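Notes follow the structure.
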Amino acid sequence: MRILAADIGFGYTKATDGRQFQVFKSIVGEANPIQFAESLLPSQASQPRHFSIGGEDIFIGELAETQSRGRGFTLDHAQFIAKYAKLLGLAALSPYVEHGDPVRLVTGLPISFFRKYKDALTTLLQQRHTVTVVQANGTREDKTIYIEKVRVVPQPFGSLFNQMLDGQGKALNQRFVTDKIGVIDIGFRTTDFTISDKTRYSERGSLSTDSGMSVAYNAIANLLHEKSGTQVELYRLYEAVTRGVIKIKGQKYDLTVLAQQAYSQLATRIATEANRLWADDWDMDAIIITGGGGAALAPFLQQQIEGEVLPMPTDQDARLNNVAGYWKYGVHIWPAQQAG
Ligand SMILES: Nc1ncnc2c1ncn2[C@@H]1O[C@H](COP(=O)(O)OP(=O)(O)OP(=O)(O)O)[C@@H](O)[C@H]1O
Ligand SMILES: [Mg+2]
8 MRILAADIGF GYTKATDGRQ FQVFKSIVGE ANPIQFAESL LPSQASQPRH FSIGGEDIFI
68 GELAETQSRG RGFTLDHAQF IAKYAKLLGL AALSPYVEHG DPVRLVTGLP ISFFRKYKDA
128 LTTLLQQRHT VTVVQANGTR EDKTIYIEKV RVVPQPFGSL FNQMLDGQGK ALNQRFVTDK
188 IGVIDIGFRT TDFTISDKTR YSERGSLSTD SGMSVAYNAI ANLLHEKSGT QVELYRLYEA
248 VTRGVIKIKG QKYDLTVLAQ QAYSQLATRI ATEANRLWAD DWDMDAIIIT GGGGAALAPF
308 LQQQIEGEVL PMPTDQDARL NNVAGYWKYG VHIWPAQQAG
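In this note's numbering, the protein residues as written are 8 to 347.
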């Protein structure tokens with residue numbers, strides 16, 4: 008029996024079997040015949056991105072982004088769960104599943120939708136699913152993904168479990184078990200705030216807002232549009248900001264100052280939200296800043312958040328913090344299941 012974890016975010020879908028990880032953009036598109044499926048250069052072996060699920064032929068992630076005509080994306084949670092969560096989740100898990108073998112899955116939902124959609128998401132995923140995996144060379148393989156059990160947790164708790172538990176699901180750091188810890192999970196579209204009080208979820212201290220990284224990217228894209236006349240897609244900005252420069256139609260634009268301003272403004276907005284939400288929780292012991300956006304904004308947030316901010320592990324892509332923690336939690340609640 009294998010334990011698997013999936014974190015299906017608005018920006019990226021993340022999955023792991025405890026050993027390997029994969030991340031792809033949360034985009035689903037219609038599959039269409041590609042003339043030259045093979046890349047012109049020998050590429051690294053990557054996981055499949057073409058599937059047939061429930062009679063629909065689909066591309067996933069970067070392949071959908073670049074090759075699909077009809078592409079699906081939504082900010083509506085009900086629609087996201089009903090239409091995309093299952094497709095993205097099954098695609099992400101498929102490499103880690105043996106045909107027909109039962110697996111157990113830990114996944115999450117954003118804070119504001121946790122209670123409302125927890126049971127619906129469980130029902131949607133806890134089934135025998137038949138998917139057809141289409142390899143780059145066109146070979147099709149039918150695979151039964153048998154998800155025998157599903158556990159849904161509030162998304163930011165993944166990052167907490169990741170710091171709290173070791174690879175055997177045992178408490179590694181007692182502080183996270185006994186203390187009152189705030190978590191700020193900054194994603195692409197949303198920022199989730201939550202409190203774990205001796206590992207108990209605090210409803211009062213929990214909230215989702217629209218202060219995701221896309222707010223900062225929008226500000227940068229608008230300024231670039233004024234300067235260059237070109238509207239740059241938001242998803243293309245992370246790498247450019249990291250490099251500090253973007254080349255548009257042959258001309259280079261320096262991004263360091265623009266990005267500093269946009270990041271600092273978004274950080275101020277998030278810090279204000281946190282300080283207001285947690286005004287009555289002055290007895291909080293520490294705060295974790297996580298999510299892919301958390302890594303980018305942490306330097307700006309540290310001085311503005313009222314409380315002790317704990318450093319995040321820097322040796323791992325911060326987008327993976329939640330899914331890594333979901334997996335450890337799976338091992339914790341189903342200790343007998345993880346063989347080897
Ligand atoms: N290597 C990377 N590539 C792309 N983005 C990265 C990378 N590292 C950090 N990021 C940042 O991570 C953000 C996405 O974070 P994350 O995967 O946690 O969001 P999400 O969970 O998909 O979104 P949401 O929580 O809103 O549903 C990006 O917008 C970007 O700012
Ligand atoms: Mg997220």
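For every residue, glycine included, the Cβ atom is placed at its ideal position computed from N, Cα and C. Quick caveat: nothing in here was measured; it's all calculated off a predicted structure.
A check of alpha carbon separations from T198 across I188, G219, A178 identifies G219 as the nearest.
DSSP places E148 within a strand segment (E or B) once states are collapsed to three. In the three-state DSSP reduction, K335 falls in the helix class (H, G or I). When secondary structure is reduced to three states using DSSP, A12 falls in the strand class. Assigned with DSSP and collapsed to three states, F195 falls in coil, not helix or strand.
A direct Cα-to-Cα measurement between G251 and T20 gives close to 26 angstroms.
By the CB criterion at 8 angstroms, A281 and I227 fall outside the cutoff. Bounds of the alpha helix (DSSP H) holding T263 are 263-284. About 4 angstroms separates the Cβ atoms of G298 and D192, confirming a contact at the 8 angstroms cut-off.
When the five nearest sequence neighbours on each side are left out, the beta carbons in the same chain lying within less than 6 angstroms of the beta carbon of L70 are those of R56, in order along the chain. Counting along the chain, the unbroken alpha helix (DSSP H) around H232 starts and ends at 220-235. Counting along the chain, the unbroken beta strand (DSSP E) around G115 starts and ends at 109-116.
Using a Cβ distance threshold of 8 angstroms, K150 and V138 count as a contacting pair. Q258 and Q29 have their C-alpha atoms some 34 angstroms from each other. A direct Cα-to-Cα measurement between G145 and A266 gives close to 42 angstroms. Around H84, the same chain offers F120 as residues with beta carbons nearer than 6 angstroms, after the five sequence neighbours per side are excluded. In this structure, ligand 2 has no non-hydrogen atom nearer than 7 angstroms to the beta-carbon of N39.
For A178, the three-state secondary structure derived from DSSP is strand.
Y124: member of the alpha helix (DSSP H) spanning 121-132, first to last residue. When the Cα atoms are used, E246 and Y91 turn out to be separated by approximately 26 angstroms. A distance below 6 angstroms between beta-carbons, with the five flanking residues on each side excluded, links K156 to the following residues of its chain, in chain order: R111.
Between the stretch 163-173 and the stretch 331-338 there are three or more inter-stretch CB-CB distances shorter than 8 angstroms, so the stretches are counted as touching.
Rounded to the nearest angstrom, the gap between the Cα atoms of V330 and E37 is 27 angstroms.
For R207, the secondary structure class from DSSP, reduced to helix, strand or coil, is strand. Contact between the stretch 177-193 and the stretch 291-306 is established, with three or more Cβ pairs separated by less than 8 angstroms. In this structure, the C-beta of M319 stays at least 7 angstroms away from each heavy atom of ligand 1.
Residues close to ligand 2 by the beta carbon criterion (under 5 angstroms to any non-hydrogen atom) are, from first to last along the chain, G16, G194. Between the alpha carbons of I154 and E233 lies a distance of about 50 angstroms. The Cβ-Cβ distance between L230 and V239 does not fall below 8 angstroms. Apart from sequence neighbours up to five positions away, the residues of its chain that approach S215 with a beta-carbon distance below 6 angstroms are P117, I118, S119, T197, D199, ordered along the chain.
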